[in-house]
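If you're matching positions, the sequence shown starts at 372 in the working numbering and goes up one per residue.
Backbone N, C-alpha and C fix where the C-beta goes; we use that ideal spot for every residue, glycine too.
Bear in mind that the values here come from a model prediction, so they are computed numbers and not experimental data.
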Amino acid sequence: MKRTLLSLCSLLALTTAQVQAAEKTVMVDGKARPWDIGVNPKLYYGISGPNGKAPSYVMGIKLRAGAKLKFTATGTTTTFPGNPSIGPGGEKTFVTDGRYGNPGAFFPSRHFDKATYPTYLNQLVGAFVDADGAVVGQPFPIGEQAEVIIPPGALSISLGINDDNLNDNTGKLQVTIDYTTATVTGEEVQ
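In structure tokens form, the structure reads like this:
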């Protein structure tokens, strides 16, 4: 028993974890919904009827609860063809927070933690989701740059635009997510 325990301790002593930085880049259409309201009816936003396009999902990242992700975004969108271009940080003269937009339509930012306010029209926003697309934790603003902690149960990230009517938006944003990967290696000691 003592010999087995010593062998196990030796093995554990030689086991190393390597942490590597990695990144993933995705495109977010100016009409992208931040999350699927069909799967998340309690997180309703926007005009009734068809509204925009499906969210942009970030796939291929193993999300570990408690780890930090860093988002960086570039590009522009508009709220209507021919309107001025807006960067990922949104239209700074149009605060949305928990307010109404079009008659009876809330902005997605209504569902954010109020500590993250102010939020802006056409700001890049996101949510962690499970395998079914249900939001895990609370949706969050991203803008040009943000760092967020991954909540337990998150399997993917859903990205979109903070607008109540996405149908008339134009443009695209390029979003890069920096994350770390960990690999464990070990050698058997005899």
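Span of the beta strand (DSSP E) holding residue i?
{"i": "L530", "result": "527 to 532"}
{"i": "K439", "result": "439 to 449"}
{"i": "Y428", "result": "427 to 429"}
{"i": "I521", "result": "Neither: I521 is in no beta strand (DSSP E) and is coded neither H nor E."}
Is residue i buried or exposed, if buried means 16 or more other CB atoms sit within 10 Å of its CB?
{"i": "Q494", "result": "buried"}
{"i": "A502", "result": "exposed"}
{"i": "E462", "result": "buried"}
{"i": "N411", "result": "buried"}
{"i": "S529", "result": "buried"}
{"i": "P455", "result": "exposed"}
{"i": "Q391", "result": "exposed"}
{"i": "I520", "result": "exposed"}
{"i": "T445", "result": "exposed"}
Hey, residue i and residue j are a contact pair by Cβ (cut 8 Å); roughly how many whole angstroms apart?
{"i": "G458", "j": "T467", "result": "No, G458 and T467 are not in contact; Cβ-Cβ is about 16 Å, not under 8 Å."}
{"i": "F478", "j": "D534", "result": "7 Å"}
{"i": "T551", "j": "T443", "result": "In fact, because the Cβ distance is near 15 Å, the residues do not count as touching under 8 Å."}
{"i": "S465", "j": "L492", "result": "Just to set this straight, residue 465 is Phe in the shown sequence, not Ser. About 4 Å; that satisfies the 8 Å criterion."}
Do the segment 533 to 547 and the segment 392 to 410 touch if we need at least three Cβ pairs shorter than 8 Å?
The segment 533 to 547, when compared against the segment 392 to 410, does touch it at the 8 Å Cβ threshold.
Only counting runs of 3 or more residues, tell me where the beta strand (DSSP E) segments fall wholly within the segment 453 to 514, in order along the chain.
As for any beta strand (DSSP E) of minimum length 3 sitting wholly inside the segment 453 to 514, the runs are 462 to 466, 495 to 500, 506 to 512, ordered along the chain.
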